[in-house]
Amino acid sequence: MTSNARCSTLRLAVLAIATISLTACATATSEPRMATVCPPVVEYSREFQARAADELDLLPEGSALAEMLADYSVMRDQARSCRV
């Protein structure tokens, strides 16, 4: 009975070493690949941008719209850099 138990332990050790060795050879990551999708950036004419700036100046100080436009500006910059 002792020899059988030793044989079983040896098999487990060999299996563990083989598993570790094969895992070390893996070249692919286990994380799924995600496609990068860059949203389109609408281009505005200089005249339109000037009109928007004039309208923005008419908003009251601390306007929620002004804050949202600032966030939108950051998102546009991020979308532009995504395309590069």
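With mature numbering (1 follows the signal peptide of the UniProt record, and there is no 0) applied, the sequence shown corresponds to residues -26 to -1, 1 to 58, in that order.
By construction, the Cβ of each residue, glycine as well, lies at the ideal position given by its N, Cα and C atoms.
Compute the minimum distance between the beta carbon of residue i and the heavy atoms of the ligand SAM, and state whether it is under 6 Å.
i   : result
P14 : As far as ligands go, the structure on display features none, and thus does not contain the ligand SAM.
Taking the alpha helix (DSSP H) that residue i belongs to, which residues open and close that run?
i   : result
L43 : 38 to 57
R20 : 20 to 31
Give me the residue from the options with the minimum Cα distance to residue i.
i   : options                  : result
Y18 : S47, L39, T10, E35       : S47
Q52 : A(-11), P13, L(-12), P34 : P13
R54 : V16, R25, E35            : V16
Using a Cβ-Cβ cutoff of less than 7 Å, which residues in the same chain neighbour residue i once the five nearest sequence positions on both sides are dropped?
i   : result
L39 : L33
L30 : A40, L43
Can you check whether the C-beta of residue i is within less than 7 Å of a C-beta belonging to chain B?
i   : result
T10 : Considering every chain present, this structure includes no chain B. It has just one protein chain.
In chain order, what residues of the same chain have a beta carbon less than 8 Å from the beta carbon of residue i, not counting five sequence neighbours either side?
i   : result
C56 : T10, C12, P13
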